[in-house]
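Let me begin by presenting the structure, written as structure tokens, before commenting on it.
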Amino acid sequence: MANGDLCSVVKRGRVHLITLTGAGEHRLNPTLLSAIRSAVAAVRASPGAGALVLAAQGKFFCNGYDLAWARAGASPADRIAAMRAALRGLVADLLALPVPTVAAVTGHAAAAGCGLALAHDAVVMRASRGFLYMGEVDARIKIVDFFGELIRQKVPDAVARRDLVMKGEKMTAAEAVRRGIVDKAVDGGVGDVVDAAVAMAEGLAARGWNGETVAEIRKAAWPDLWRKVKDHGGEAPARPRL
Amino acid sequence: MCTLEQRGRVFVLTLTGDDEHRLSHALIASIRSSVASVAAAAASAGPGTALVTVGEGRFFSNGLDNIWAGTSRERLQGLVDALSPLAADLFALPMPTIAAITGHAAAGGFLLALCHDYRIMRGDRGVLYMSEVDIGLPLPPYFVSVLRSKITAANALRDVTLRGRKLKAAEAKEMGIVDAVCPGPAETAAEAIKLAEQLAARKWDGNVYASIRMSIFPEACRSIGIVEESDEEKRKHFASRL
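Below is the structure:
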């Protein structure tokens, strides 16, 4: 599948908006992960980029790893490992990105999809529909080291972390904001959520921060997470200084 | 010293008698034996079980048996060392755990409550109290690790450890240390069992549940000697499930 079928990239002012396209669940198989990573790499290489937003079309933001694809393989264990490795790389790419990042959780964000949202600097979420749901405990899937670290760093409150991950609570945007997991709940439809995320991103871009500084401070703010993912990504050469 | 009963899918461990339930070598061994029975029973019971720990009388537990230890550093250290494996048993238990705090929980007794996933406490009487600073005893490193893992709200850790604040249930709930407050001991026990039944009804795989708990609290687990599974072992588990 060509990358263009899976995600689109448009510019809105200085904000580079990556949208997971189509009405499906945007399951994170290696193909989609590769497409997202390519899009992120393009943002990294773009001299005028001021911020990144990741959004999705349809009912789902991202419903997690493509377990059906894993099961269909000769070695499902190898396939899940491949998806985990690719997500680990994408998290590294996002941590090392020299522009602020915002996740526009336009629909359901489950398991690895929830993790992907949390790997951004800020998260805005649709208020009227959609849940954050760490479904691993229900699906009987264990949590690997870097992913556990991602959750610990991005959900520092012990009770919120327990309820999200050990209880598999389905959290609405309002609940997620109340618990400090998500920054903002946005009323309306998918388009309204995207607009809000872009507006937030534009505000961050307008600060005119030096990109290298943003990346270094981010890595220093989440050092344990960076340490666990840095060998998997984020290594593309940074934009040349002008 | 302690009794164990099974009510449907819920195991109830009771610290018996109207005394302080001081964690002596004998009581610790008795509790460990009961917890081991629970783990064994769970293996044959299949997915969907839970543990409630409750105290009779005015105390949940007033901590390690300092009275027996007296001024002997060896005795005191021996008790500290004996409690750590019990903490490990609880952090590794393949089912959700709930402490029904039916009376005072101080020092090691407070720690015992924190080693459970959820805490329900009576609101009419009783306090949570880390007394070490008042008594002039340092906190054992694994105590600190568990405290830091479970108490993450701003200033809460300081108030508990450095100020020796005595927390009633309502305050503890505000600080995220207790999940629910009930009028008295009978209601507390009933609410804890009700929560246990709800969690057991989720039919979680115990091994996966414990694994996820460990990935949420890895530092606490390390401090009490639990070695987390490697990513490779988790990958194999995924494969074996399909």
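The listed protein sequences correspond, in order, to chains A and B. Residue numbering for the first sequence is 427 to 668, as defined by our numbering. Residue numbering for the second sequence is -3 to 238, as defined by our numbering. All residues carry an ideal CB built from backbone N, CA and C; glycine is no exception.
- By the CB criterion at 8 angstroms, arginine 18 of chain B and glycine 66 of chain B fall outside the cutoff.
- For secondary structure counted as the alpha helix (DSSP H) over 4 or more consecutive residues, the region 65 to 141 of chain B holds these complete runs in sequence order: 69 to 87, 104 to 110 and 128 to 131.
- In this structure, arginine 218 of chain B lies away from phenylalanine 87 of chain B, with their beta-carbon atoms at least 8 angstroms apart.
- A distance below 8 angstroms separates the beta carbons of glycine 539 of chain A and glycine 490 of chain A.
- Taking C-beta separations shorter than 6 angstroms and ignoring five residues to either side along the sequence, the partners of alanine 188 of chain B in its chain run Val48, Ile94, Ala96 and Ile116, following chain order.
- For glutamine 483 of chain A, no beta strand (DSSP E) encloses it, and the DSSP letter there is neither H nor E.
- Taking a beta-carbon distance threshold of 8 angstroms, proline 649 of chain A does not count as an interface residue toward chain B.
- In this structure, the alpha-carbon of proline 90 of chain B lies about 37 angstroms from that of alanine 522 of chain A.
- With contacts defined by Cβ atoms closer than 8 angstroms, serine 20 of chain B and aspartate 77 of chain B do not form a contacting pair.
- If you look at leucine 0 of chain B, you'll find it in the beta strand (DSSP E) that goes -2 to 3.
- Contact check for lysine 645 of chain A and aspartate 571 of chain A: beta-carbon distance about 18 angstroms, past the 8 angstroms limit, so the pair fails to qualify.
- At the C-beta level, alanine 477 of chain A and alanine 627 of chain A come within 8 angstroms of one another.
- DSSP lists A:Val441 as the beta-bridge partner residues of arginine 438 of chain A.
- Per DSSP, reduced to three states, the secondary structure at arginine 566 of chain A is coil, with no helix or strand assignment.
- Per DSSP, the continuous alpha helix (DSSP H) segment holding glycine 617 of chain A begins and ends at 616 to 631.
- Assignment of valine 466 of chain A by DSSP, reduced to helix, strand and coil, places it in the helix class.
- At a cut-off of 3 residues, the continuous stretches assigned as beta strand (DSSP E) that sit fully inside the region 176 to 211 of chain B are 176 to 178.
- With respect to the 8 angstroms criterion, glycine 637 of chain A and valine 466 of chain A are not classified as neighbours on the basis of their beta carbons.
- Apart from the 5 residues on each side of it in sequence, proline 214 of chain B sits with its Cβ closer than 7 angstroms to the Cβ of Glu224 in its chain, given in chain order.
- With 16 or more other Cβ atoms from the protein chains shown falling within 10 Å of its own Cβ, proline 181 of chain B counts as buried.
- In this model, aspartate 15 of chain B and glutamate 170 of chain B are separated by some 29 angstroms (Cα to Cα).
- Think of a sphere of 9 angstroms around the beta carbon of aspartate 113 of chain B: the chain A residues whose beta carbon falls inside it are Arg588, Met592 and Lys593, in chain order.
- Judged by DSSP in its simplified three-state form, glycine 659 of chain A adopts coil rather than helix or strand.
- Cβ-Cβ distances below 6 angstroms link lysine 162 of chain B to Val123 and Tyr125 in the same chain, with the five nearest sequence neighbours on each side left out; the list follows chain order.
- DSSP, read as helix, strand or coil, puts histidine 534 of chain A in strand.
- DSSP links serine 57 of chain B through a beta bridge to B:Ala101.
- Contact check for aspartate 113 of chain B against methionine 592 of chain A passes: the beta carbons are separated by less than 8 angstroms.
- Within chain B, the residues whose beta carbon sits less than 8 angstroms from that of glycine 574 of chain A are Ser211, Ile212 and Pro214, listed in sequence order.
- In this structure, the straight-line span from the alpha carbon of aspartate 120 of chain B to that of proline 502 of chain A is close to 54 angstroms.
- Contact between the region 534 to 554 of chain A and the region 448 to 463 of chain A is present, with at least three C-beta pairs closer than 8 angstroms.
- At a Cβ-Cβ threshold of 8 angstroms, valine 469 of chain A and alanine 475 of chain A count as neighbours.
- Close to chain A, meaning a Cβ-Cβ distance shorter than 9 angstroms, are the following residues of the region 185 to 204 of chain B: Leu195, Arg198, Lys199, Trp200, Asp201, Asn203 and Val204.
- Residue nearest to leucine 23 of chain B within the set B:Leu9, B:Ala36 and B:Ala35 is B:Leu9 (criterion: CA-CA distance).
- Look at lysine 169 of chain B: its C-beta is not under 8 angstroms from any C-beta on chain A.
- For phenylalanine 7 of chain B, the uninterrupted beta strand (DSSP E) segment begins and ends at 6 to 11.
- Per DSSP, reduced to three states, the secondary structure at threonine 527 of chain A is strand.
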